[in-house]
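Under the numbering used here, the first residue of the sequence shown is numbered 2, with each subsequent residue one higher.
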Amino acid sequence: MEKAPPLINAMTVDVEDYFQVSAFERYISRDEWDKLPGRVERNTDRILELFAERGVSATFFTLGWVAERYPELIRRIVDAKHELACHGYSHVRVTQQTPKAFHSDATRAKDLLENIGGVEVKGYRAASYSIGASNLWALDVLEDIGFLYSSSIYPVRHDLYGMPEAPRFAFRPCKPDGLLEIPVSTWQLADTKLPCGGGGYFRLLPYTFSKWALMRVNQRDRQPCVFYFHPWEIDPDQPRQSGISVKTRFRHYLNLSRMKDRLSRLLQDFHWGTMESIFLSSASGRLSTPTLERSGKT
Ligand SMILES: [Zn+2]
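What follows is the structure, given as structure tokens:
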């Protein structure tokens with residue numbers, strides 16, 4: 002029997018600095034950000050080099066705050082034919098915002114990125130996957146602003162985020178021809194969805210396991226994977242934050258020195274492209290539009 006062609010998977014980067022992660026927000030106030038030594042530009046440049054070496058195009062969900070301070074970096078991302086997408090302006094979780102504040106933060110970031118990058122910004126990813134059952138109104142806001150897709154719901158159970166009842170693959174939560182929600186990859190074990198699309202799990206688990214789980218999505222589910230990581234994850238020399246909890250320390254600093262090597266292998270073992278090229282061109286006709294329980298709709 003003829004083998005099916007390999008699927009192209011979505012490689013994504015959440016462009017933010019090491020001090021902007023949600024786990025640190027109790028320890029570092031936003032007023033301090035400008036005083037801290039920035040490392041996002043050099044780390045993202047290293048990622049651009051890595052992608053260029055492997056011939057990979059990716060989607061860069063970028064903070065408006067970063068774009069404002071490093072406009073040349075934004076232009077380098079666009080010039081290298083990657084997709085520029087939006088990670089909000091100041092990395093406030095959607096669960097901590099009113100619809101009005103969320104609208105204004107997302108609009109500010111989209112406008113900034115489009116003005117600096119000179120391209121249309123079609124995709125949005127919420128800080129810490131903070132869209133879920135309690136605030137699905139946020140998807141309507143994103144559609145209203147003009148985003149074509151979001152990658153903000155993680156369909157897993159986790160202490161900080163997640164909506165385990167959400168579909169594992171791209172779906173249209175608002176209306177049949179409306180905004181697409183494209184979840185980060187999970188693999189299914191009996192009735193449970195388990196994460197395999199990047200973040201701390203990719204650094205925690207052996208590479209062979211991550212590879213197996215992602216392969217399973219391609220081969221068993223016949224679906225493209227969505228993988229994500231952050232520029233600070235390839236930077237083992239970043240300044241260490243004091244006073245943080247043991248759990249936060251473990252999650253943030255674990256295996257940073259192994260990340261670059263693992264990423265190289267990942268880039269080599271799978272085919273990669275942008276969210277836009279995979280999900281916005283061909284998928285429109287075959288996506289489901291499951292109804293989600295909108296308990297938190299305002
Ligand atoms: Zn983030």
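Glycine included, every Cβ here is placed at the ideal spot set by N, Cα and C.
Query: Contact check, Trp-94 vs Ser-23, beta carbons under 8 Å; Result: The question names Trp, but residue 94 in the sequence shown is Arg. Cβ atoms of Arg-94 and Ser-23: closer than 8 Å.
Query: Beta-bridge pairing of Tyr-254 - partner residues as DSSP gives them; Result: According to DSSP, Tyr-254 bridges with nothing at all.
Query: CB of Ile-75 within 8 Å of CB of Gly-118, strictly; Result: yes
Query: Cβ-based neighbour list, Phe-103, same chain, cut-off 7 Å, excluding 5 preceding and 5 following; Result: Val-95, Ala-139 and Val-142
Query: Extent of the continuous alpha helix (DSSP H) run through Arg-117; Result: A small correction: the amino acid at residue 117 is Ile; Arg does not occupy that position in the sequence shown. Counting along the chain, the alpha helix (DSSP H) containing Ile-117 begins and ends at 100-118.
Query: Identity of the residues DSSP links to Ser-151 by a beta bridge; Result: Tyr-125 and Glu-182
Query: Run of the beta strand (DSSP E) containing Thr-63, from where it starts to where it stops; Result: 60-63
Query: For Asp-18, the three-state DSSP class (helix, strand or coil); Result: coil
Query: Pairwise C-alpha distance: Phe-25 and Pro-240; Result: 13 Å
Query: Near ligand 1: His-92 beta-carbon under 7 Å from a heavy atom; Result: yes
Query: Any non-hydrogen atom of ligand 1 closer than 7 Å to Ala-68 Cβ; Result: no
Query: With 16 other Cβ atoms within 10 Å as the buried cut-off, status of Asn-136; Result: buried
Query: In chain order, each alpha helix (DSSP H) run of at least 4 residues that lies wholly inside the stretch 62-93; Result: 65-70 and 72-80
Query: Length of the line joining the Cα atoms of Asn-10 and Phe-52; Result: 14 Å
Query: Test item: CB-CB of Phe-228 and Ser-186 under 8 Å; Result: yes
Query: Backbone secondary structure at Asn-219 - three-state DSSP; Result: helix
Query: Where Thr-249 falls: helix, strand or coil (DSSP); Result: helix
Query: Closest residue to Pro-100 among Arg-70, Ile-132 and Arg-77 (Cα-Cα distance); Result: Ile-132
Query: Nearest to Leu-255 (by Cα), restricted to the options Met-216, Arg-266 and Gly-201; Result: Gly-201
Query: Check: Glu-17 C-beta below 7 Å from any heavy atom of ligand 1; Result: yes
Query: heavy atom of ligand 1 below 7 Å from Ala-128 C-beta; Result: yes
Query: For Trp-188, the residue or residues it bridges with in DSSP; Result: Leu-195
Query: Cβ neighbour criterion (16 or more within 10 Å) applied to Ser-211; Result: buried
Query: Residue from Arg-31, Phe-61 and Arg-55 whose Cα sits closest to the Cα of Glu-42; Result: Phe-61
Query: Contact check, Arg-266 vs Arg-204, beta carbons under 8 Å; Result: no
Query: Own chain residues within Cβ distance below 6 Å of Cys-226, not counting five before or after; Result: Asn-10, Ser-186, Leu-215 and Val-218
Query: C-alpha gap between Pro-7 and Leu-195, whole angstroms; Result: 23 Å
Query: Distance between beta carbons of Asp-106 and Gln-98, contact taken as under 8 Å; Result: 7 Å
Query: His-88 Cβ short of 7 Å to ligand 1 heavy atom set; Result: yes
Query: Range covered by the beta strand (DSSP E) that runs through Val-41; Result: Per DSSP, Val-41 belongs to no beta strand (DSSP E); it is in the alpha helix (DSSP H), 41-55.
Query: CA nearest to the CA of Thr-13, picked from Ala-59, Arg-47 and Ile-29; Result: Ala-59
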